[in-house]
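Protein chains in written order, with my numbering: chain H, 1 to 333; chain G, 1 to 333.
2 protein chains.
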Amino acid sequence: MLDERKASILRAVVEEYIHTAQPVGSGHVAQSPGVEVSSATVRNDMALLEQEGYLRQPHTSAGRVPTDKGYRFFVDELTGPARLDKSSAHQVRAFFDTTHGALEQMLLDTTRLLSDLTHYAAVVVAPAPEAAEVRSAHLVGLAPSVALLVVVLANGVVEKRTVELAAPATEVELADAAAHLSANLIGSTLAALGTVAPSGGPAVDQVLVAVKRAWASHPEADPEQVYVGGTARMASAFDAVDTVRQVLTILEQQLVVVSLIRDVLDRGLQVAIGSETGVGPLADCSLVVAPYLVDGEPAGSIGVLGPTRMNYPQALAAVAVVSQRLGRRLTEG
Amino acid sequence: MLDERKASILRAVVEEYIHTAQPVGSGHVAQSPGVEVSSATVRNDMALLEQEGYLRQPHTSAGRVPTDKGYRFFVDELTGPARLDKSSAHQVRAFFDTTHGALEQMLLDTTRLLSDLTHYAAVVVAPAPEAAEVRSAHLVGLAPSVALLVVVLANGVVEKRTVELAAPATEVELADAAAHLSANLIGSTLAALGTVAPSGGPAVDQVLVAVKRAWASHPEADPEQVYVGGTARMASAFDAVDTVRQVLTILEQQLVVVSLIRDVLDRGLQVAIGSETGVGPLADCSLVVAPYLVDGEPAGSIGVLGPTRMNYPQALAAVAVVSQRLGRRLTEG
DNA sequence: GCTGGCACTCGGTATCATCGAGTGCCAGCC
DNA sequence: GGCTGGCACTCGATGATACCGAGTGCCAGC
C-alpha cells in the first residue's frame, strides 16, 4: 500500500505529532532516525501522502498533521505489540495484588489505574449479570405489597429488583416463593427466571408472577453497569474548553459509552480513531478497548479514551495488560 | 453594616456580573433600577466598597467585580427566599412523580435533575446505611471458605460484604448463622452488628466472628456513597481549561466531595463561596447544599457546584425544593 | 452631600511590518 | 529515473504602534 519510505515518513510524522502536538515539517522528519533522505524528498512524499489522505495541512505552508486514516495506518501497520514500561507493569501488578473488597469498588479503582497508566480517561464495563450463575434468591418484604427480590450471583454480584405485588403477601408466602425461585434458579443464570414454572399455591404464584413482571420490565436496570474515571484528563488533552465539554457530555451518558464500546468490539477493532467512533463530538478522540475474560468467556470490557493524537502503543499495552489481569483476578474470584 | 445605597450598588454589581461575567462599571450601576444616583456617586461608593473588601478591581480603570465577601453579603442580606420558576417547578414534580426503580438509580437521576435545573454540576450524597433499619440478613457461600453477607435495609438498600471464613462452613452452618444474625438485627440498625452475641454452636460462632471482622474492617466500604452529575457544565462555567481540570479532579474524589459537603453543613451554612470551601482548586466555585430528611431525620444531602458568579437565588431555590421532594419521596418508600 | 466635568489609565483591538518555518518546484547530479 | 540542493513564495505567529473607549479618581460647584 505504502512503500517503505513513505511508511517511515508517516511514522515519523505521527510520532512527532503525538509528542509535540505541533504540525510537523519536512525538516524534522528528514532528521528523524529511520528516514535517510533529504527534506526535499520528504516534501515530495508528504505531498503524496496528503493526496492519498494520510496527512493534512492545517494551512498552506505549515507542517503536516496525521488524518484519522494516517493514524489508522500507523496503528495497523507501524506499531508492533508494545510492552508496558517497568514501573507501569509494577503498578499493575501491585494493584491487582492488593485490591480487595467488592467487585464494584474494584472496577471503579480499575478506571483509576488505567487512567493513571495512560493519562487519559478510562472506562470499565462490568460483567453482564445475565452470564453469572445464581447462588441464591431471596424475597424481602418492604411494605405490605412491595417486596425486594435479591439475587446473589456466583461472582459476588447482587442483583435486586423492586417487586410490586398485586396483593399483599405474608412473610411465609414470600419465603415460599423465594424457596421456589432458588430451587429453579440456583446453578443456572438469571435469564432462566422467565421460564420458572408456577409452584401450585395461588398466593405464591401471585408473587412469582409479580417477580417475573418486575424482571421483565427492567431486565437491565443496570443496563450494563459502566464506570468512568479520569475525566479530568480530558481537560489536559484539549485546549478548547468546548471540546472538553462535548466529550464530558458523552462520557456522562452511560448508555452511549456502553454501546460505543460494544460497537467497536463488534467490529472486531481494538482501536476506534476519530470519526471511526461514529460519535460526532468524539471526532478528536480515539478509543482503545479490550474485552476481559472470566472463566474463559468474554465478561466485560475496558477502554481508554484520549485525543486522536494519543500514544497508541502505550495505550494498547496498558489496556491489554489490565484487561488480562482483571480477567484473571475475576476468574480467581 | 452597609448603608442602603451601598447595598443597592453591591446588589447591582453582583447581579450584573452574574449575568455578563464582565467587570461592572459605575455607568451601568447608575442605570440599574434601585440605584437613583449619578455615576459619580456610584464611583465614590464603589471605591469605599472596594476598601471594605466587597469589590475588587481586576485592573486599574476597569469595572468592579464582587469578592467572596461581596457574594457572601449578597447571599445573606440581599437575597430573599426565591421560588422556582413555573417550568422548573413542574419539572421537579414530574420527575418525582414518574421516577421509579432502585434508590441508587433515583439518586443518580436526581443529580441530572439538579444539574438541568441549575446548569451547574450536582452532587447527591446517599443516606447513611447505618441509619436504616435491617429487614433481613443472609449469608451466601461463594467458595468453601468465602461467604457473602447480604443485608437488606428497610429503605431498599442492599449492603454486602465479602466474609473470609477461618474454616470452611456448610450451607447449613451459614444458614444458621444468618438466622441468628437476622434474629438479632431485624428492627435495629446495622451498627448493632458489633454487639451480636455468640449463638452457642462453635461452627456457627466461627462464622459470626468472621462476619463481625469483615464488617469492622470495612465499616464504610461505601464511605458514604455519592453521585455526581453534570460535570460537563463545569466546562461551560469557566473558560480556562486548567480551572476545569482542577475542578473535575476534585469532583472525582468522592471522599473530598463528601467531607466538603459535610463540613459546610456542619458549619450551619447553605452556601460556601470560593475560598470558604476550604479547597484551593475551588477558589472560583461556590457550593450550595441542603440536607434531606427521611422520616424526619437528616439522611443525606444534595448540592450544586458552580462558579462563584452563580445564580444564587435560583440555585438555593432548586436545592431547597429538590431536597424537600427527595426526602418526601424517600420517606414514602 | 450629590453631581457634572475633566484629565487620566489602561486593556482591547486594529494595523502593519517582520520573521521564519515550511512549502512547491526545478535544474542538476548520480 | 530518482534524489538533492537551491530558490522563490506563503502565511501564521510575533511584536511594535497607534487608537479607542470604558472606566476611574478627583474637584469645583450647586
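All C-beta atoms, glycine included, are put in the ideal place defined by N, C-alpha and C.
The structure displayed is predicted, hence computed values, not measured ones.
Under three-state DSSP, which class holds residue i?
i      : result
E36/G  : coil
P202/G : helix
H180/G : helix
V157/G : coil
S136/G : strand
A175/G : helix
P307/G : strand
A147/H : strand
E224/G : coil
G229/G : strand
D332/H : Per the sequence shown, residue 332/H should be read as Glu rather than Asp. E332/H falls in the helix class under three-state DSSP.
G53/H  : coil
V196/G : coil
G327/G : helix
G141/H : strand
A237/G : helix
A318/G : helix
A122/H : strand
T110/G : helix
T162/H : strand
Going by beta carbon distance, what residues of the same chain come within less than 8 Å of residue i, once the five residues before and after it are set aside?
i      : result
A177/G : L139, A169, S199, V204, V207, L208 and V211
S145/H : E164, L165, A166, A167, P168 and A169
V256/G : I250 and V279
E297/G : A131
H180/G : V196, S199, V204 and L208
Identify, in the order they occur along the chain, each residue of the same chain with its Cβ nearer than 7 Å to the Cβ of residue i, setting aside the five sequence neighbours on each side.
i      : result
E173/G : A203, V204 and V207
H28/H  : E16
R72/G  : I273
L190/G : P129, E130, V134, V151 and E159
S26/G  : S39, V42, R43 and M46
Near residue i, which residues of its chain fall below 6 Å by C-beta distance, leaving aside the five closest residues on each side in sequence?
i      : result
A122/H : T111, L114, S115, G229, G230 and V304
V124/H : L107, T110, T111, Y227 and I302
Q105/H : none
D239/H : none
A126/H : L107, Q225 and G300
E77/H  : none
R343/G : Look at the range of chain G in this structure, 1 to 333, and you will see that residue 343/G is not part of it.
V196/G : N184
A408/H : Summary: the structure shown does not reach residue 408/H, with chain H confined to residues 1 through 333, and so no result is reported for it.
Cβ of residue i within 8 Å of Cβ of residue j?
i      : j      : result
A237/H : Y120/H : yes
V292/G : G300/G : The amino acid at residue 292/G is misidentified as Val; the sequence shows Tyr. In this structure, G300/G lies closer than 8 Å to Y292/G by Cβ.
A214/G : V163/G : yes
P58/H  : P23/H  : yes
Q91/G  : L117/G : yes
S188/G : S136/G : no
Y312/H : T20/H  : no
A102/H : E252/G : no
S338/G : G34/G  : Here chain G comprises residues numbered 1 to 333, so residue 338/G is not present and cannot be evaluated.
V271/H : T331/H : no
L185/G : A175/G : no
C285/G : G268/G : no
A317/G : A94/G  : no
L149/G : L142/G : no
D68/H  : S217/H : no
F96/G  : R329/G : yes
L287/G : V247/G : no
V289/G : L326/G : no
request  = Kindly confirm or deny that the region 2 to 15 of chain H and the region 39 to 52 of chain H touch, where touching means at least three C-beta pairs closer than 8 Å.
outcome  = The count of Cβ pairs closer than 8 Å, one atom from the region 2 to 15 of chain H and one from the region 39 to 52 of chain H, reaches three, so the stretches are in contact.
ask   = Along the chain, which unbroken stretches of the alpha helix (DSSP H) at least 4 residues long are found entirely within the region 61 to 106 of chain H?
value = 68 to 77 and 86 to 98
Complete alpha helix (DSSP H) runs within the region 242 to 301 of chain H (minimum length 4 residues, chain order) = 254 to 266
inquiry  = For the region 311 to 328 of chain H against the region 153 to 162 of chain H, do three or more pairs of beta-carbon atoms, one drawn from each stretch, fall closer than 8 Å, so that the two count as touching?
reply    = no
Inter-stretch contact at 8 Å, needing at least 3 Cβ pairs: the region 254 to 269 of chain H / the region 237 to 246 of chain H = no
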